[in-house]
Amino acid sequence: MRFYDIISAAAVLVTGVAAAAKGSQPNLGYAELYKLTQQFYDTFQYPNNVKEAEKINSTIFAENVQGRVSDTRNFEGRELNTEYIFGLFIPTASVSVIGKPVGPYEIIQFAANQNIASATTRFNFTFPSFGNISLPIAITTWMTYNEAKEITQYDVVFRWFGNVLQLLLSTVDKDPVKAQAKGAAVLATSTCATHTQFCTGNNAQYESEEECIRFLTKDIRFGQSFELGMDTLLCRNVHEKMIHFRPDVHCAHIGKSGGGQCVDDYSYLQKVTEDYYTNAPWIPTTEQSPPYGDH
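Structure follows, in structure tokens:
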């Protein structure tokens, strides 16, 4: 080997070691990150989300993907995220507060650097369980990507979801108290019917449909808009739509225990100070980026 080749190989090795030591991430560039954001929302839109959910393990996500949705919970791994990000928004016979992303959508805010993309997207949803009312939904996303252009992390906020929930319930009854009571009865009946159909044998959570409805309407609270990951009826209604994918995993989530997903096991302070993400830094690591102290 020529001396020049030896020096070049050594330089590449040193550069690679230094980059690894810094925990550097791939530098995909602004245009590519915008394209990846568009591709994600194209796939999220119905009926494309149906095809993606059927893949079971969507390669849009990295195998070790970490995800968080503001009003619900953290979701880890490719299969679980395929179910929740794509499968959850597919219309079914269930009565649900979850809508159908029919589009069109518009990316109204966007910033990107290295392998990090942040966007606010206004997406048109319809809500089949509430008279097919159509509403624009604003979604803010932070995402990081690996070299294979797979999502390694995401942090998602459905903005002003409390207002959305209020609008949906107002289609049931103009009186907020009556609307919530009527809504609870319908959501519980739907959730318990799904339990009867899919949660059998070792997956059963209730002895009867009547016990299920009584528990969901009498023994736990309906829930506020930010409690889709707490010990509420709303949380169990969200998870109802996941049951047909994997009853052995999701039946517990609508049961009395909440299955670790619909439980009151954290406070506001715990959630806001949670140090969850480990796959990638949320601040660019390239030399062109400003030092941390300047943020």
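In terms of mature numbering (1 follows the signal peptide of the UniProt record, and there is no 0), the sequence shown is residues -19 to -1, 1 to 276.
We put the beta carbon where it would ideally sit given N, CA and C, even for glycine.
Here the structure is a predicted model, which means the values were calculated and not measured.
Give me the DSSP bridge partner(s) of Asn218. On the sequence shown, position 237 is the one that residue 218 refers to. Its beta-bridge partners do not exist; DSSP assigns none.
Which residues does DSSP pair with Asn62 in a beta bridge? Residue numbering aside, residue 62 sits at position 81 when the sequence shown is read from its first letter. DSSP lists no bridge partner for Asn62.
So, Leu214 versus Ile224, is the Cβ gap smaller than 9 angstroms? Numbered from 1 along the sequence shown, position 233 holds the residue referred to as residue 214. Numbered from 1 along the sequence shown, position 243 holds the residue referred to as residue 224. Taking 9 angstroms as the Cβ cut-off, Leu214 and Ile224 do not qualify as a contacting pair.
Identify whether Ser81 lies in helix, strand or coil by the three-state DSSP scheme. Counting from 1 along the sequence shown, the entry for residue 81 is found at position 100. Looking at the sequence provided, one finds Lys at residue 81 rather than Ser. If DSSP states are grouped into helix, strand and coil, Lys81 belongs with the strands.
Between Pro271 and Trp123, what straight-line distance do the alpha-carbon atoms span, to the nearest angstrom? Within the sequence shown, numbered from 1, the residue matching residue 271 stands at position 290. Within the sequence shown, numbered from 1, the residue matching residue 123 stands at position 142. Here Pro271 scores only 49 on pLDDT, less than 50, and its place in the model should not be relied on; the value that follows carries that caveat. It is roughly 19 angstroms from the alpha-carbon of Pro271 to the alpha-carbon of Trp123.
Might you give, ordered along the chain, the residues of its own chain that have their beta carbon closer than 7 angstroms to the beta carbon of Leu209, omitting 5 neighbours on each side? Position 228 of the sequence shown, counting from 1, holds the residue named residue 209. In chain order, Asp52, Thr53, Leu215, Cys216, Val219 place their CB closer than 7 angstroms to the CB of Leu209, counting only its own chain and leaving out the 5 sequence neighbours on each side.
Rounded to a whole number of angstroms, what is the C-alpha to C-alpha distance between Ile(-14) and Thr121? As a first step, residue -14 is located in the sequence shown; it is residue number 6 there, counting from the start. As a first step, residue 121 is located in the sequence shown; it is residue number 140 there, counting from the start. With a pLDDT of 43 at Ile(-14), under the threshold of 50, the predicted position of this residue should be treated as unreliable, and no value is reported.
Please state the DSSP three-state secondary structure of Arg195. Position 214 of the sequence shown, counting from 1, holds the residue named residue 195. In this structure, DSSP gives Arg195 a helical state, which the three-state scheme calls helix.
Between Ala43 and Cys232, what straight-line distance do the alpha-carbon atoms span, to the nearest angstrom? For this step, residue 43 is matched to residue 62 along the sequence shown. For this step, residue 232 is matched to residue 251 along the sequence shown. If I take the Cα positions, the gap works out to 26 angstroms.
Backbone secondary structure at Ser99 - three-state DSSP: Counted from its first residue, the sequence shown places residue 99 at position 118. Ser99: strand per DSSP, three-state reduction.
In whole angstroms, what separates the C-alpha of Leu14 from that of Glu33? For the purposes of this step, residue 14 is taken as the residue at position 33 of the sequence shown. For the purposes of this step, residue 33 is taken as the residue at position 52 of the sequence shown. Taken atom to atom, the span from the alpha-carbon of Leu14 to that of Glu33 is near 20 angstroms.
Round the Cβ separation of Ser110 and Ser77 to the nearest angstrom and send it over; I've been treating them as touching at under 8 angstroms. Position 129 of the sequence shown, counted from the start, is the residue given in the question as residue 110. Position 96 of the sequence shown, counted from the start, is the residue given in the question as residue 77. Right, their Cβ atoms sit about 5 angstroms apart.
Anyone know if the C-beta pair for Thr181 and Glu190 falls short of 9 angstroms? Taking the first residue of the sequence shown as position 1, residue 181 is located at position 200. Taking the first residue of the sequence shown as position 1, residue 190 is located at position 209. No. Outside cutoff.
Distance check for Gly84 and Tyr187, CA to CA, integer angstroms please. Stepping through the sequence shown from its first residue, residue 187 is reached at position 206. Stepping through the sequence shown from its first residue, residue 84 is reached at position 103. Taking the Cα positions, Tyr187 is about 38 angstroms away from Gly84.
Return helix, strand or coil for Glu255, following the three-state DSSP convention. Taking the first residue of the sequence shown as position 1, residue 255 is located at position 274. In this structure, Glu255 counts as coil in the three-state DSSP scheme.
Less than 8 angstroms between the CB atoms is what I'm expecting for Ile194 and Ala169, so what's the real figure, rounded? By 1-based counting over the sequence shown, the position of residue 194 is 213. By 1-based counting over the sequence shown, the position of residue 169 is 188. About 5 angstroms; that satisfies the 8 angstroms criterion.
Using 8 angstroms as the Cβ pair cut-off and three pairs as the minimum, do the stretch 65 to 75 and the stretch 18 to 35 touch? Judged by Cβ distances under 8 angstroms, the stretch 65 to 75 makes contact with the stretch 18 to 35, as three or more pairs qualify.
Boundaries of the alpha helix (DSSP H) in which Pro157 is found, first to last residue: Taking the first residue of the sequence shown as 1, we reach residue 157 at position 176. It spans 157 to 179 - the alpha helix (DSSP H) in which Pro157 sits, taken as one unbroken run.
Under three-state DSSP, which class holds Gly48? Position 67 of the sequence shown, counting from 1, holds the residue named residue 48. The answer is strand: DSSP assigns Gly48 an E or B state.
Note down, in chain order, each residue of its chain lying with its Cβ closer than 8 angstroms to the Cβ of Met211, except the 5 sequence neighbours on either side. Within the sequence shown, numbered from 1, the residue matching residue 211 stands at position 230. Residues of the same chain with a CB within less than 8 angstroms of the CB of Met211, apart from the 5 flanking positions on each side, are Gly204, Cys243, Val244, Asp245 in chain order.
Straight-line Cα distance separating Ser99 from Ala261: Mapped onto the sequence shown, residue 261 falls at position 280. Mapped onto the sequence shown, residue 99 falls at position 118. Rounded to whole angstroms, Ala261 to Ser99 spans 15 angstroms at the Cα level.
If you count every other CB in all the chains shown that lies within 10 Å of the CB of Val(-6), and 16 or more means buried, which is it? The residue labelled residue -6 in the question sits at position 14 within the sequence shown. Note that Val(-6) scores 37 on pLDDT, short of 50, meaning its location in the model is unreliable and no value can be drawn from it.
Is Gln242 helix, strand or coil when you go by DSSP? Here residue 242 corresponds to residue number 261 of the sequence shown, with the count starting at 1. Note: Gln242 maps to coil in three-state DSSP.
CA nearest to the CA of Leu148, picked from Lys16, Leu116, Arg49: Working through the sequence shown from its first residue, we reach residue 148 at position 167. Nearest of Lys16, Leu116, Arg49 to Leu148, Cα basis: Leu116.
Can the beta-carbon of residue 355 be found less than 9 angstroms from the beta-carbon of Thr107? Because the chain in this structure spans residues -19 to 276, residue 355 falls outside the shown range and cannot be described.
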